[in-house]
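Everything on this sheet refers to the single structure shown next.
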Amino acid sequence: MGEFFKLLKGGNKPSLIAAIVNTIIAALKAGAFFLTGNVAMFAEMMHSIGDAANQFFVFIGSALSKKAPTPRFPNGFGRLVNLVCLGAVLLVGILSYETIKEGWHHIQHPAASSGVAISLIVLGISIILEFAVLFKAGKEILHDVSIKGGLLAPLTTSFAHLNRAKPATKLVFMEDLVATAGGVLAFIAVLISHFTGFLQAEGIASILIGVMMFYVVGKVFLDNARGVLGETDEQMLVHLAHVVSENTNVKDIQELEVTKEGEFLHVKLVAEIDPTLTFAKVDDIHDALKELILNQQGVTDVTIAFDEDDGIRTWTTHRDKQTILKTHD
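Under the numbering used here, the letters of the sequence shown match residues 217 to 545, in that order.
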């Protein structure tokens, strides 16, 4: 049990913050829904319950994924966070269906809701809190890829680097992006329903929120399914090929693999070198390459092997300098 709590300290912080915030928001929305009967509020309540449950599971999964390898699991537990994310989005999928179903029922049988002021106040507070979590997740994405930006960078630049974010951070960012947009949509629907008498607006908002939730389900499911299978990090592969080739003792790269396992990268390199080099020199080359590769962000282990140079150039993809990453200090 002590090891478990120690691992929790290394869990993904944005997911923990998001889970706590969404638990508070879900409680507020639940209270508002039971007081007002507002269907758009029901959709938002379901959304926040799903997000809170997801993010608690993801936090725990991200923490356990950092558990050290064991004799039974020599490759470690890096992919555990992908498995947890897959389970988490299934829960969101179920809640998405219920949200859409309730919205459709309200469109067919519209009914006026009471307590407009309560609904608007709760939705306003929720939007502010969700936006704060979204901003925090955006900052974490920029930190993951070692990029600094201006005040609005977490809401702008982070989109361009979303695919390189940690699985847990990416899930939090996408869920809270949809949650913030859904809150605004529900706020507008309540106003339209109250001031125009178009009661179906709340049902339409509920369906739209459910559809957005389904989008997150599909996107996160596919991303983490690839992670479970062991996806190649193409950008890091090209970057490593470039920096390895800068070593004057490396004549060619015979094989290079960069495999994602959760938040971690595993590297396998087979380099061609001069066959006349002494064992001591080869050992120095090995140590230099190992240190270089392990200094790259996200790389946790590397396997290096050598073969004699056959004089035939086979690896050329490292010349694509547009994909070169900044070396992690």
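Don't be surprised by glycine CBs; every beta carbon is placed ideally from N, CA and C.
Alpha carbon of residue i to alpha carbon of residue j, nearest angstrom
i    : j    : result
G426 : P230 : 24 Å
N463 : E488 : 11 Å
S274 : F495 : At residue 274 the sequence reads Val, which differs from the Ser that was named. Taking the straight line from one Cα to the other gives about 47 Å.
F351 : G527 : 52 Å
H458 : T530 : 14 Å
F403 : K386 : 26 Å
D468 : G292 : 30 Å
A284 : F347 : 35 Å
H321 : I343 : 26 Å
Q451 : E524 : 27 Å
M428 : V394 : 6 Å
L485 : N379 : 24 Å
L558 : V305 : With the chain represented from 217 up to 545, any question about residue 558 goes unanswered, as that position is not in the structure.
L196 : M390 : A query on residue 196 cannot be resolved here, the shown segment of the chain reaching from 217 to 545 and no further.
G413 : F249 : 19 Å
V388 : L232 : 10 Å
D360 : T396 : 23 Å
L367 : V433 : 30 Å
L505 : D499 : 10 Å
E418 : G319 : 7 Å
Q324 : F430 : 22 Å
L223 : T286 : 15 Å
S281 : F272 : 14 Å
P326 : P370 : 40 Å
L541 : R288 : In this prediction, L541 scores a pLDDT of 42, lower than 50, which makes its location untrustworthy; no coordinate-derived value is stated.
DSSP-derived helix/strand/coil call for residue i
i    : result
F522 : strand
L367 : coil
T286 : coil
D490 : coil
T530 : coil
V515 : strand
T315 : helix
E260 : helix
K435 : helix
H325 : coil
K484 : strand
K497 : helix
E477 : strand
D468 : strand
Same chain, Cβ closer than 8 Å to residue i, five either side skipped, listed in chain order
i    : result
G365 : L358, T372, T373
K225 : A279
V444 : R295, N298, L299, L302
L345 : V237, I240, I241
L336 : F403, V406, L407
G399 : E260, L339, S342, I343, E346
Q470 : V486, A487, E488, D523, T530, W531
Contacts around residue i, its chain only, beta-carbon distance under 6 Å, and the 5 residues preceding and following it disregarded
i    : result
N465 : I489, I501
E479 : K382
G340 : none
E477 : G294, R295
E447 : K476
G253 : S329
A421 : A256, L401, A402, A405
I316 : I423, G426
G227 : F275, S278, A279
G309 : V433
S264 : N238, I241, A242, K245
Own chain partners of residue i with C-beta closer than 7 Å, once the 5 adjacent residues on each side are dropped
i    : result
V515 : L481, V483, I509
T492 : none
Y313 : none
D449 : V474, K476, L481
D392 : A234, E346, V349, L350, A353
L179 : Lying before the first or after the last residue shown, residue 179 is absent from the chain, which here runs from 217 to 545.
F221 : none
A246 : M261
P548 : Nothing in the structure corresponds to residue 548, since the chain is present only between 217 and 545.
I334 : A248, L251, T252
Every unbroken beta strand (DSSP E) within the segment 364-433, with a cutoff of 3 residues, ordered by chain: none
Validate contact between the segment 347-356 and the segment 313-333 using beta carbons, cut 8 Å, 3 pairs: no
Ordered list of alpha helix (DSSP H) runs contained in the segment 222-254, each at least 4 residues: 229-252
Cβ pair count under 8 Å reaching 3, the segment 254-264 against the segment 238-245: Judged by pairs of C-beta atoms under 8 Å, the segment 254-264 touches the segment 238-245, as three or more such pairs exist.
The segment 398-416 / the segment 436-456 touching (three or more Cβ pairs under 8 Å): No, because fewer than three Cβ pairs between the segment 398-416 and the segment 436-456 fall closer than 8 Å, the two stretches do not touch.
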